[in-house]
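This report refers to the structure that appears directly beneath it.
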Amino acid sequence: MKLKYLDVGYTRVTYKVVRELRGLSHLSFLNLDFTQVPLSCRNILADIPSLQPVRLNGITKEVCEDEYAC
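Written out as structure tokens, the structure reads:
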């Protein structure tokens, strides 16, 4: 199965989960609205060429200070 659409908005998803998304080469839509991920996760998501758009509404943290806590 090739996951193309993932909506985890308004959930407790964290930076650790976003790092695992790098392997989803067919992912084309991702909603991270109002989650605990930092805006810096865009750097990881840039490695998924098929991904457009990414929703990041309500994200207030710029970076993850402690990657083990995020």
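Numbering (UniProt numbering), first residue to last: 1 to 70. Glycine included, each C-beta is placed from N, C-alpha and C at the ideal position.
DSSP three-state assignment for residue i, whether helix, strand or coil
i: Arg12; result: coil
i: Val54; result: strand
i: Leu24; result: coil
i: Val63; result: coil
i: Val37; result: coil
Option nearest residue i by Cα separation, candidates the options
i: Ser40; options: Val18, Val8 and Thr11; result: Val18
i: Thr60; options: Ser50, Val13, Thr35 and Pro49; result: Thr35
i: residue 76; options: His26, Val8 and Leu32; result: The structure shown does not extend to residue 76, since the chain spans only 1 to 70, so no value can be given for it.
i: Gly9; options: Val54, Val63 and Glu62; result: Val54
Bridge-paired residues (DSSP) for residue i
i: Asn43; result: According to DSSP, which records beta bridges pairwise, Asn43 is partnered with nothing at all.
i: Leu6; result: Leu30
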